[in-house]
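This report concerns only the one structure given below.
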Amino acid sequence: MTVNIAITFEELNRADMISIVSPIPLNMFDPRSPSFSDEEKRRILHDTYKRRIVADGLETGHLIPTENGYIFKSKQRFPSFAGFVFEAYLVDKFNQCRSSRLRAYQWATERSEGWSTKDFEEYKAVGTGLITTKNEYLTFYEPQSNADIIFLRKNPLRNDIMEPALIHNQHVQAAIQVKCIKSGFREEIINKVLSGKYLRVITMLSDEHGRSSWVVCHNILGNMHRSGAITTADYAYAIGRIQGPEYFNIDQYDVDNYYSYIHQWYQGYEPITKNIEEAVGLEITGYKFENNVLVPI
24 MTVNIAITFE ELNRADMISI VSPIPLNMFD PRSPSFSDEE KRRILHDTYK
74 RRIVADGLET GHLIPTENGY IFKSKQRFPS FAGFVFEAYL VDKFNQCRSS
124 RLRAYQWATE RSEGWSTKDF EEYKAVGTGL ITTKNEYLTF YEPQSNADII
174 FLRKNPLRND IMEPALIHNQ HVQAAIQVKC IKSGFREEII NKVLSGKYLR
224 VITMLSDEHG RSSWVVCHNI LGNMHRSGAI TTADYAYAIG RIQGPEYFNI
274 DQYDVDNYYS YIHQWYQGYE PITKNIEEAV GLEITGYKFE NNVLVPI
């Protein structure tokens, strides 16, 4: 007789379960479980996101192919680097998932419910700071702009010309800014939305207390409204222009875990040789990871 033994999610994530369920890929474990050591957490994150970081790193230009393999370089501060990675991440998510892209397009172009999606099907999400954009749509390559993500299609009358999606009934390019910060939301997001510097913001992370940052931003706006710091019109204007990944059917938990992996990659905790070798099947020899760059030994 077969006996079914129930194992809870918490039990599955105990460190001593790894040896029992070793045939299960590490990416099925929760890297935030307190049962795991730091090294075990890094292993789980590595197994889960090793291919994702390669794709995003190549797209942002921080991962450079050479005759000897790949070199990772970044002179940027970590929040800026993470922002570029998540720009690539979101563009890929939007273009791979129609429902997410549709939600983002409708939000960015300020279209209400009930509009025809016929023209939408012609548009693709494009990151203004990404290598693909530089190579294929140079006119729209603006890595320092306030528009991280836009939507492009071929001009219906001239297929050799790409044109951006516009805000509904306006001659203004629809644009989304991507933010990857854990604090300073009023200065870095809210004030810039209220001033018009940012049209729309996707704030990707949870804050230092584990709260979704878009919720924190909405709470700050509520407090500002109640205190009289902003008008009702300002509140209504800003509240709908700040969203998080869940608004686009992207899991906040997965985003936060990926952020942790990006951080250990940036700091050099993740051995880049192993990462690239497993991710794309290339062997890198004669290099070591030093100051965020692969250098010859």
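Sequence positions in the sequence shown follow the numbering used here and run 24 to 320.
Even for Gly, the Cβ is constructed at its ideal location relative to N, Cα and C.
Taking the alpha-carbon of residue i as reference, which of the options has the nearest alpha-carbon?
i    : options                   : result
A198 : E159, T132 and F208       : T132
L161 : E269, F143, F101 and I184 : I184
N272 : P102, R100, C120 and F101 : C120
F117 : Y146, H241 and H248       : Y146
N178 : N158, R100, G137 and F143 : F143
S168 : L222, D115 and S135       : L222
K215 : C240, E159 and R134       : C240
H248 : V278, I213, K220 and G233 : I213
I285 : W130, G251, Y128 and C203 : C203
V278 : Q193, N246, G233 and G251 : G233
N192 : N158, W138 and K157       : W138
D115 : T155, G245 and W130       : T155
Less than 6 Å between C-beta atoms, sequence neighbours within five positions excluded: which residues of the same chain meet that for residue i?
i    : result
V170 : Per the sequence shown, residue 170 should be read as Ala rather than Val. Same-chain partners within the cutoff: T151 and A198.
S235 : S229, G267 and Q275
P166 : G152
R209 : I243
K157 : Y164
L180 : none
Considering only residues of the same chain and omitting the five flanking positions on each side of residue i, which have a CB-CB separation below 8 Å?
i    : result
S206 : D230 and E231
Q196 : A170, I173, P187, A188, L189 and I190
L217 : I253, D257, Y260 and A261
R126 : Y270, F271 and N272
L175 : Y146, K147, V149, Y160, F163, M185, E186, P187 and A188
K220 : N169
T255 : H248
T140 : L125
Can you list, in chain order, the residues of its chain with a C-beta nearer than 7 Å to that of residue i? Leave out the 5 residues immediately preceding and following it.
i    : result
V201 : G106, F109, E110, L113, D171, I172, I225 and M227
G263 : none
W237 : T226, I265, Q266 and G267
R124 : F117, N118 and A148
E211 : K202 and I204
E136 : none
H194 : none
Determine the extent of the beta strand (DSSP E) in which residue i is found, giving its start and end residues.
i    : result
K147 : K147 to G150
Going by DSSP, what residue range makes up the alpha helix (DSSP H) through residue i?
i    : result
M227 : Where M227 is concerned, there is no enclosing alpha helix (DSSP H), given that its DSSP letter is neither H nor E.
S233 : Note that residue 233 is Gly in the sequence shown here, rather than Ser. Counting along the chain, G233 falls outside any alpha helix (DSSP H), and DSSP gives it neither H nor E.
T132 : R121 to T132
K157 : I154 to E159
### Query
Taking only runs of the alpha helix (DSSP H) that begin and end inside the stretch 165-224, which ones reach a length of at least 4 residues, in chain order?
214-217
### Task
Specify whether the stretch 145-163 and the stretch 105-116 touch according to this definition: at least 3 beta carbon pairs, one from each stretch, less than 8 Å apart.
yes
### Message
Threshold first: 4 residues or longer. Then list the alpha helix (DSSP H) segments lying entirely within the stretch 256-286, N to C.
### Response
none
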